[in-house]
Amino acid sequence: MRLKLECRGLEILACDSKWLDEAAQQETPESKLVVDLRKVNEIEKLPENLKDKGITRVSIPVTAKSWSEQDMDMLRREFLRGQSPVVVLSAGGERAALMILQHVARVEQWPLEKALQKCPEVANRAELKKLLSEYLERHTRS
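For the sequence shown, our numbering assigns the number 10 to the initial residue and increments by one for each residue that follows.
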């Protein structure tokens with residue numbers, strides 16, 4: 010899975026875990042900053058040459074059940090530090106898509122419907138759709 014969004018000049022990609030292995034094989038990786046949302050039990054093995062490729066991996070383990078505002082704050086800080094593009098990855102990519110949708114929809118003031126149209130994988134998973142909806146309700150400017 011792959012979702013690409015732009016927010017205030019920053020390109021953000023939500024990808025599944027295959028992205029990391031593919032980037033480790035590339036001469037010039039697509040991104041130098043990867044925010045990894047996988048929990049330890051979801052990671053079989055990390056590529057050994059990430060530093061050689063200039064890739065910084067930041068771990069923010071998040072699941073739909075453990076998600077918190079603090080997780081979003083940490084992710085948003087990484088967006089501020091990173092060079093475009095920033096890759097956010099999770100095992101299947103859906104959690105990563107949720108997190109980037111939350112950020113971009115909040116900043117760009119998208120309604121829930123517009124955010125859901127950007128990613129059917131989030132729209133079709135009730136627990137992710139609910140997290141997105143609740144997040145946008147809390148952060149909508151009146």
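Cβ coordinates follow ideal geometry from the N, Cα and C atoms, glycine included.
(message) Whole angstroms are fine: how far does the CA of Phe88 sit from the CA of Glu39?
(response) Mapped onto the sequence shown, residue 39 falls at position 30. Mapped onto the sequence shown, residue 88 falls at position 79. Cα to Cα, Glu39 sits roughly 16 Å from Phe88.
(request) Quick one: using the 10 Å Cβ neighbour count with 16 as the cut-off for buried, is Val49 buried or exposed? (result) Reading the sequence shown from its first residue, position 40 is the one you call residue 49. Exposed, since its Cβ has fewer than 16 Cβ neighbours within 10 Å.
(request) Please confirm whether Leu145 and Leu107 have their CB atoms less than 8 Å apart. (result) As a working note, residue 145 is residue 136 in the sequence shown. As a working note, residue 107 is residue 98 in the sequence shown. No.
(request) Output the distance between the C-alpha atoms of Lys127 and Trp119, rounded to the nearest integer angstrom. (result) Indexing the sequence shown from 1 puts residue 127 at position 118. Indexing the sequence shown from 1 puts residue 119 at position 110. Roughly 11 Å separates the two Cα atoms.
(request) Verify whether the separation of the beta carbon atoms of Arg47 and Ala114 is less than 8 Å. (result) What you label residue 47 is simply residue 38 of the sequence shown in a count that begins at 1. What you label residue 114 is simply residue 105 of the sequence shown in a count that begins at 1. Contact flag unset, no.
(message) So, at 6 Å on beta carbons, what are the nonlocal neighbours of Asp45 in its own chain, with the 5 sequence-adjacent residues on each side left out?
(response) As a position in the sequence shown, residue 45 is number 36, starting the count at 1. Same-chain partners within the cutoff: Arg66, Ser68 and Leu98.
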